[in-house]
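Each remark here refers to the structure printed beneath this line.
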Amino acid sequence: MARFSFPLVQIGALAGAAAMVAVGQWLGAQQEPETLQAGRIDLGVVSAAGPSPGGADPLRPAARAEGDGAGSAGADAAAAAETPPIHSGSSRPRLAVVIDDVGHDLETARALMALPVTLSILPYAEGAPRIAAEARAAGREVFVHLPMEPVGLEDPGPGAITTALTPAEIALRVEAALARVPGAAGLNNHMGSRATREAGAMAAVFAPLSGQDLVFVDSLTHPASLAREAALAAGLTAFDRDVFLDSPGADPAKQLDAALTLAFQTGQVIAIGHPHAATLDALSELEAKADAAGVELVTVGALRAPPTPRRRASASG
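Numbering (my numbering), first residue to last: 2 to 318.
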């Protein structure tokens, strides 16, 4: 792998860019519409040849309406970019990249398997089991992209976790989702800006996972999410997402630069993206950029668990 110079002045410039991009992402995030009410308990399967929930393009599923990037983590990134680096060279900062909404397109999934990223697979996608098996054989970490109820009418997909369900029904849906993505090392939420704010629903999500060696990443589609706290309470290793690579209006290449810079400020970063063309183009330079910046690319499971939940301001809506 080629080495590239990454002088301190460039790091400083990227720090400013990180703050600007993150704040722009925060201000431009869309409010998600209401979701549909809970339906059948069985998971259901969406054919790769058919439309994704809500009739959207399979590569731009319903989550784009809520951005899968709305929330306060943009502000977290901006604040972190203004703080001095914590590294003295004893260990390299780390970056884990998670790509959501995998499962509708086998060719795209296989392209992702050639990159050092975690594939977060929609459990209702027809190709979910096959993609999970191929990704694991390729040495890639696999997550369940668990559908959860958003604020509004946007459809998160079959088998979604909603606030109308009983704890027993939620447990059944969680177990069904895990069964559809065999060998998953963890999970993160697909949509969920309503469900993740309900303490009872989140407790019910993680209750059946207690004692299992799983990792949870809160996608932070709402700044008042309680999901990470609930996962920690159930004994899981849990993280918050730090950077979205492709929120509406964001430039994935600039967001990737911001994530690398943020890694120097905080020690480790989780970035989430989606299988859009612009994101895939940006990720083609992931290894070269990380190598030049001196950032280690790792799986989410290789990260050091934060000792306590982050404090986040509540938000209305």
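The C-beta atom is built at its ideal place from N, Cα and C for all residues, glycine as well.
Of the other Cβ atoms in all chains shown, fewer than 16 fall within 10 Å of the Cβ of E176; this residue is therefore exposed. Between S226 and R195, the beta carbon gap of about 10 Å keeps them out of contact (Cβ cut-off 8 Å).
Assignment of R137 by DSSP, reduced to helix, strand and coil, places it in the helix class.
Distances from the alpha-carbon of A259 to those of A291, F240, R229 and G236 put A291 closest. Annotated as distal: M203 and P151, with beta-carbon spacing of 7 Å or more. Taking V301 as the centre and dropping the five residues before and after it, the same chain places the C-beta of A97, V99, T119, E142, F144, A186, G187, V216, V218, F240 and I271 closer than 8 Å to its C-beta, in chain order. Taking all protein chains in view, the Cβ of T222 is crowded by 16 or more other Cβ atoms within 10 Å, so the residue is classified as buried. Proximity to I273 across N190, D214 and I132 peaks at N190, based on C-alpha coordinates. Under DSSP, the beta-bridge partners assigned to S121 are F144. Taking 7 Å as the cut-off, the beta carbon of G184 is found no closer than this to the beta carbon of R229. Per DSSP, the unbroken alpha helix (DSSP H) holding R111 starts and ends at L107 to M114. For G274, the enclosing beta strand (DSSP E) starts and ends at Q269 to G274. Your pair P276 and D106 checks out as a contact, with CB atoms roughly 7 Å apart and the cut at 8 Å.
In the three-state reduction of the DSSP assignment, R229 falls in the helix class.
Residue pairing by DSSP places E297 opposite R95 in a beta bridge. Looking at the DSSP output, F240 sits in a beta bridge with V218.
Between Y125 and G153, the C-beta gap is not smaller than 7 Å, which leaves the two residues out of contact. For L188, the uninterrupted beta strand (DSSP E) run begins and ends at G187 to M192, by DSSP. For T197, there is no enclosing alpha helix (DSSP H), since its DSSP letter is neither H nor E. For R95 against G295, the beta-carbon gap comes to about 11 Å, at or over 8 Å, which does not count as contact. Annotation: A306 to Q213 spans about 16 Å, alpha carbon to alpha carbon.
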